[in-house]
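There are 4 protein chains.
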Amino acid sequence: MITEKVMEEMFKPRQAHWRTSITKVEPNRLTTRGRLQEDLMGNISFSEMVYLLLKGDLPSDNPKKMFEAVLVSFCDHGVTPPSTQAARLMASAGSTVNACLAGGILAFGENHAGAIEKAMKNLQEGVKLAEAYGRSASETARFMVEELKTKDQKVPGFGHRYHTEDPRARKLLKLGKEYGCSGKHVELALEIEEILGREKGIKMNIDGANASILSDLGFNWRFGCGIFAIGRLPGLLAHVNEEMSSEEPFRKITELDTV
Amino acid sequence: MITEKVMEEMFKPRQAHWRTSITKVEPNRLTTRGRLQEDLMGNISFSEMVYLLLKGDLPSDNPKKMFEAVLVSFCDHGVTPPSTQAARLMASAGSTVNACLAGGILAFGENHAGAIEKAMKNLQEGVKLAEAYGRSASETARFMVEELKTKDQKVPGFGHRYHTEDPRARKLLKLGKEYGCSGKHVELALEIEEILGREKGIKMNIDGANASILSDLGFNWRFGCGIFAIGRLPGLLAHVNEEMSSEEPFRKITELDTV
Amino acid sequence: MITEKVMEEMFKPRQAHWRTSITKVEPNRLTTRGRLQEDLMGNISFSEMVYLLLKGDLPSDNPKKMFEAVLVSFCDHGVTPPSTQAARLMASAGSTVNACLAGGILAFGENHAGAIEKAMKNLQEGVKLAEAYGRSASETARFMVEELKTKDQKVPGFGHRYHTEDPRARKLLKLGKEYGCSGKHVELALEIEEILGREKGIKMNIDGANASILSDLGFNWRFGCGIFAIGRLPGLLAHVNEEMSSEEPFRKITELDTV
Amino acid sequence: MITEKVMEEMFKPRQAHWRTSITKVEPNRLTTRGRLQEDLMGNISFSEMVYLLLKGDLPSDNPKKMFEAVLVSFCDHGVTPPSTQAARLMASAGSTVNACLAGGILAFGENHAGAIEKAMKNLQEGVKLAEAYGRSASETARFMVEELKTKDQKVPGFGHRYHTEDPRARKLLKLGKEYGCSGKHVELALEIEEILGREKGIKMNIDGANASILSDLGFNWRFGCGIFAIGRLPGLLAHVNEEMSSEEPFRKITELDTV
Numbered sequence: 075m076i077t078e079k080v081m082e083e084m085f086k087p088r089q090a091h092w093r094t095s096i097t098k099v100e101p102n103r104l105t106t107r108g109r110l111q112e113d114l115m116g117n118i119s120f121s122e123m124v125y126l127l128l129k130g131d132l133p134s135d136n137p138k139k140m141f142e143a144v145l146v147s148f149c150d151h152g153v154t155p156p157s158t159q160a161a162r163l164m165a166s167a168g169s170t171v172n173a174c175l176a177g178g179i180l181a182f183g184e185n186h187a188g189a190i191e192k193a194m195k196n197l198q199e200g201v202k203l204a205e206a207y208g209r210s211a212s213e214t215a216r217f218m219v220e221e222l223k224t225k226d227q228k229v230p231g232f233g234h235r236y237h238t239e240d241p242r243a244r245k246l247l248k249l250g251k252e253y254g255c256s257g258k259h260v261e262l263a264l265e266i267e268e269i270l271g272r273e274k275g276i277k278m279n280i281d282g283a284n285a286s287i288l289s290d291l292g293f294n295w296r297f298g299c300g301i302f303a304i305g306r307l308p309g310l311l312a313h314v315n316e317e318m319s320s321e322e323p324f325r326k327i328t329e330l331d332t333v
Numbered sequence: 075m076i077t078e079k080v081m082e083e084m085f086k087p088r089q090a091h092w093r094t095s096i097t098k099v100e101p102n103r104l105t106t107r108g109r110l111q112e113d114l115m116g117n118i119s120f121s122e123m124v125y126l127l128l129k130g131d132l133p134s135d136n137p138k139k140m141f142e143a144v145l146v147s148f149c150d151h152g153v154t155p156p157s158t159q160a161a162r163l164m165a166s167a168g169s170t171v172n173a174c175l176a177g178g179i180l181a182f183g184e185n186h187a188g189a190i191e192k193a194m195k196n197l198q199e200g201v202k203l204a205e206a207y208g209r210s211a212s213e214t215a216r217f218m219v220e221e222l223k224t225k226d227q228k229v230p231g232f233g234h235r236y237h238t239e240d241p242r243a244r245k246l247l248k249l250g251k252e253y254g255c256s257g258k259h260v261e262l263a264l265e266i267e268e269i270l271g272r273e274k275g276i277k278m279n280i281d282g283a284n285a286s287i288l289s290d291l292g293f294n295w296r297f298g299c300g301i302f303a304i305g306r307l308p309g310l311l312a313h314v315n316e317e318m319s320s321e322e323p324f325r326k327i328t329e330l331d332t333v
Numbered sequence: 075m076i077t078e079k080v081m082e083e084m085f086k087p088r089q090a091h092w093r094t095s096i097t098k099v100e101p102n103r104l105t106t107r108g109r110l111q112e113d114l115m116g117n118i119s120f121s122e123m124v125y126l127l128l129k130g131d132l133p134s135d136n137p138k139k140m141f142e143a144v145l146v147s148f149c150d151h152g153v154t155p156p157s158t159q160a161a162r163l164m165a166s167a168g169s170t171v172n173a174c175l176a177g178g179i180l181a182f183g184e185n186h187a188g189a190i191e192k193a194m195k196n197l198q199e200g201v202k203l204a205e206a207y208g209r210s211a212s213e214t215a216r217f218m219v220e221e222l223k224t225k226d227q228k229v230p231g232f233g234h235r236y237h238t239e240d241p242r243a244r245k246l247l248k249l250g251k252e253y254g255c256s257g258k259h260v261e262l263a264l265e266i267e268e269i270l271g272r273e274k275g276i277k278m279n280i281d282g283a284n285a286s287i288l289s290d291l292g293f294n295w296r297f298g299c300g301i302f303a304i305g306r307l308p309g310l311l312a313h314v315n316e317e318m319s320s321e322e323p324f325r326k327i328t329e330l331d332t333v
Numbered sequence: 075m076i077t078e079k080v081m082e083e084m085f086k087p088r089q090a091h092w093r094t095s096i097t098k099v100e101p102n103r104l105t106t107r108g109r110l111q112e113d114l115m116g117n118i119s120f121s122e123m124v125y126l127l128l129k130g131d132l133p134s135d136n137p138k139k140m141f142e143a144v145l146v147s148f149c150d151h152g153v154t155p156p157s158t159q160a161a162r163l164m165a166s167a168g169s170t171v172n173a174c175l176a177g178g179i180l181a182f183g184e185n186h187a188g189a190i191e192k193a194m195k196n197l198q199e200g201v202k203l204a205e206a207y208g209r210s211a212s213e214t215a216r217f218m219v220e221e222l223k224t225k226d227q228k229v230p231g232f233g234h235r236y237h238t239e240d241p242r243a244r245k246l247l248k249l250g251k252e253y254g255c256s257g258k259h260v261e262l263a264l265e266i267e268e269i270l271g272r273e274k275g276i277k278m279n280i281d282g283a284n285a286s287i288l289s290d291l292g293f294n295w296r297f298g299c300g301i302f303a304i305g306r307l308p309g310l311l312a313h314v315n316e317e318m319s320s321e322e323p324f325r326k327i328t329e330l331d332t333v
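For the record, the sequence lines run as chains H, S, P and Z.
First residue of the first sequence? That's 75 in this note's numbering, and the numbers climb one at a time after it.
First residue of the second sequence? That's 75 in this note's numbering, and the numbers climb one at a time after it.
First residue of the third sequence? That's 75 in this note's numbering, and the numbers climb one at a time after it.
First residue of the fourth sequence? That's 75 in this note's numbering, and the numbers climb one at a time after it.
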């Protein structure tokens, strides 16, 4: 029976407990992933901090360099992406900087930044599959391409509307080799690239390269879109600022409602 | 001294109290502004519900009709506004429906939906000024236009990039008269229109008309952008759905990252 | 070969064509779904305008009343939903009204407003299934409940944390009958309710009731979250305004960075 | 007269020209701020890339180290900020990762991340004032504190709800000295701190320290909120991921609409 007491229980605030293992906040003392923030400042780079926050520990030297390059690679693609266009439209409409940045991030939909997450998931499932069945990367690649073909789906991370050979993808793969950060996911991605190159004349794009390298760095695919957002946010801010400072308000727009 | 006890006090959760006078939630019983929701359903219109939520009470007959027309007037302006373009870009990028709607609302910046709020603020200050100084609407209008001219600012709510005579503004003012909902704010807006018509050949736009009518209905200017958002959201949803169902993904876009 | 000409073609702006069948914008003339906006203002209610925008035509009398009640039913659930809490947190942090509203809408995730869309999809697939196999509503309901049980998934639209009998659901179903707007989807939902009532002692909630009624009104499930957003936005605005006007800034918050 | 031709002109698409000086996009070639992206990858750090995007050129050695520490300092403040709470609420409601991140950024309102922008503006105006009137930093500080007192406003960037001595602020100021990056803005901030310490017993907080250092690095105050967003986004992502992977859905919430 719902007594007065039961009711009270049901309706009492449930928000007492916000747990987190990320940062401990005490008076005059902030500890992130077990390290004092004041000791981290001046001693680690920003990308190391990103790595620490997301993975719980600092990277060793080579993964550190690799992750740095990954974040750099996401920087900007001019005014072509919908996220950049959306953020600039909002800036042009007079929205606040944080609204414009949020708006840009909201355009990272399934067809835009979604590709990196899909590619990571795909490769991570592929590597698990290969291990479970004792298949080679080449066999797994063939199997995966065939399976997506049957479902009439494209292989995420390959081909680019603008670039026949994405310069960022090449460089990332080269650095992966140089830093010893290429593992089974990169191997699988390269096998898929060979098949798609032969069959369709297309190559790995930046999403495919980053997806395979981030997977080899041990990032779960669920981080894909978020890491892309971290890497792209500075570019969005540069565009928002450029729109605000160099273009007329409402330059391309229509519903101007003031004299 | 910061003892252990003080520290605990400082860091204890502060979220116990979410107060609200809008809706009381009890088991099997929801009471909004003092009325059972189940009694409101089937008995009042959606726009009456909006009015009840925002003002705390139901409108009488004429304000009800007037507010209905205000909400209808905000419906849609085709693909021209930045908010609509931003929402469609996000839909095209494959974002979820609620992300697209949020994105559209984020483009209601100072230059876009901001005009209605600025116009409301302007008119509400004007009417207060007129009362404080015993000035006529015509004197106040002249004073306000001059003051904005001195500051090199435009008068919000007048002129339109597309329409020399905004058909929505005319109709709103006509309905305001018909429903007896035009008061001092409309009077002031009409005086400003006369001056600007003479001096610059421009007329009141939809923002000016709605700003003056909403002010006469007793809405504080801080509600301006929000009421516009309520009126425009259905149009944004229609556009998002049209984009998703009638256009190719990434139709106008660039950074295609899949085969 | 990629000649200069091909390159130009690839990089030329692709934005010339924003097509829409929603509103035609001409100078001093705005036509929405084939009707002059100035003729709609003063003649149709806001909920009719929503219906017109989303479905392309005006509703007849009973669907009009039904849709009105649906929108009213979504109005507010106090401070309990995450969307309301998120919007109020933003208001408390000093964000602009449109940022707060957008933030509230962004909290309509899979577990929150997502239920209505899932329930609509579920019921619409169920009715199609029933028709395809010539099964009765009762058989289909049993099949659907079993299938979800097998997958260890809950049936969307049934049960409520706070209400053993959701007063809004009861009223909606009653109005559906009264207005003659209950069809095959409501029938199926009621059959599911009977099974779940017997097996688990739970009843249809507001999402289930609205999902079945909106489906019987002919709305595709993809509109579910969007229609909920339209119905809930006024409540969010009321909360944002209450937070801004009645509560201290940062009332429950912590990182206060000013003296 | 509005002829058919004028009409066409008014309504023709205005979107042909998206100019940008940030990144040039050509087939297989991406040039950001005059540098090939493939040459930047592997050669500069992520924070250098941020600097390049925002300022147009790479930092020399000391500003580079300083900017790195600034970005690191923004990392995270546990579950206390409204932005983190909003993002976690959205994650708990089942929103997508990018919606949660956008939601967190939308909570960077005037009272939250707004402080850094206000502090930058304040200090930059102060330094200009000092130069214009030939006043010392100490005189300017006294003038500014008095002026804000008269307006009954707080001095942005000083005092903290949790910390009597913000460990991040101390460390930033120490690094600023060490790297030779402390200039007139830091000097002015320290003078203000002396007055407020004497009068109210409060110290500079992280916003004040970063505001003065970013100003001495030559960043316009309009970048304040955006740079904070860049520094805080990784922390938000860590929280969103923690909420999604370690907490029950809707753990603290109420309107559960499924069985």
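Just so you know, even glycine gets a beta-carbon here, dropped at the ideal spot from N, CA and C.
For clarity, every value in this text was computed on a predicted model and none was experimentally measured.
If you run the structure through DSSP and keep just helix, strand and coil, what is residue i?
| i | result |
| --- | --- |
| LEU132 (chain P) | coil |
| LEU145 (chain Z) | helix |
| LYS326 (chain P) | With a pLDDT of 46 at LYS326 (chain P), under the threshold of 50, the predicted position of this residue should be treated as unreliable, though the coordinate-derived value follows. In the structure shown, LYS326 (chain P) sits in coil (DSSP, three-state: anything other than H, G, I, E or B). |
| ARG244 (chain P) | helix |
| GLU316 (chain H) | helix |
| ARG235 (chain H) | coil |
| GLY208 (chain P) | coil |
| GLY271 (chain H) | helix |
| CYS255 (chain H) | coil |
| GLY305 (chain S) | helix |
| GLY188 (chain Z) | helix |
| MET75 (chain S) | Reliability fails at MET75 (chain S), whose pLDDT of 38 lies under 50, so the model's placement of it is uncertain and the value that follows must be treated cautiously. Here MET75 (chain S) sits in coil by DSSP. |
| THR94 (chain S) | coil |
What are the boundary residues of the beta strand (DSSP E) that includes residue i?
| i | result |
| --- | --- |
| THR105 (chain P) | 103 to 106 |
Considering residue i, what are the terminal residues of the alpha helix (DSSP H) in which it resides?
| i | result |
| --- | --- |
| VAL99 (chain P) | That residue, VAL99 (chain P), is in no alpha helix (DSSP H); its beta strand (DSSP E) goes 97 to 100. |
| PHE217 (chain S) | 211 to 224 |
| ILE118 (chain Z) | From DSSP, ILE118 (chain Z) is part of no alpha helix (DSSP H); its letter is neither H nor E. |
| LEU180 (chain H) | 171 to 180 |
Cβ of residue i within 8 Å of any heavy atom in the ligand FMN?
| i | result |
| --- | --- |
| ARG244 (chain Z) | For the structure depicted, the ligand FMN is absent and the ligand set is empty, with no information on it obtainable. |
From the DSSP secondary-structure annotation, give me the bridge partner or partners of residue i.
| i | result |
| --- | --- |
| VAL153 (chain Z) | Z:HIS151 |
| MET278 (chain H) | H:PHE232 |
| LEU163 (chain Z) | In the DSSP output, where bridge partners are listed per residue, LEU163 (chain Z) has none listed. |
| ILE109 (chain Z) | Note that residue 109 (chain Z) is Arg in the sequence shown here, rather than Ile. In the DSSP output, where bridge partners are listed per residue, ARG109 (chain Z) has Z:THR106. |
Starting from the beta carbon of residue i, find every residue of chain H whose beta carbon is closer than 9 Å, and list them in chain order.
| i | result |
| --- | --- |
| THR224 (chain P) | The contacting residues do not exist; THR224 (chain P) stays about 23 Å from chain H at best. |
Looking at residue i: is its Cβ nearer than 9 Å to the Cβ of residue j?
| i | j | result |
| --- | --- | --- |
| LEU203 (chain P) | PHE217 (chain P) | yes |
| ALA283 (chain Z) | MET194 (chain Z) | no |
| SER169 (chain P) | ASN315 (chain H) | no |
| ALA206 (chain P) | LEU163 (chain Z) | no |
Name the chain P residues that come within less than 8 Å of residue i, Cβ to Cβ?
| i | result |
| --- | --- |
| ALA173 (chain S) | LEU180 |
Could you tell me which chain H residues have their CB closer than 7 Å to the CB of residue i, listed as they occur along the chain?
| i | result |
| --- | --- |
| GLN159 (chain S) | LEU163 |
Taking Cβ-Cβ distances shorter than 9 Å, what residues in chain Z pair up with residue i?
| i | result |
| --- | --- |
| VAL146 (chain H) | GLN111, LEU114, MET115, GLY116, ASN117, ILE118, SER119, PHE120, GLU122, MET123 |
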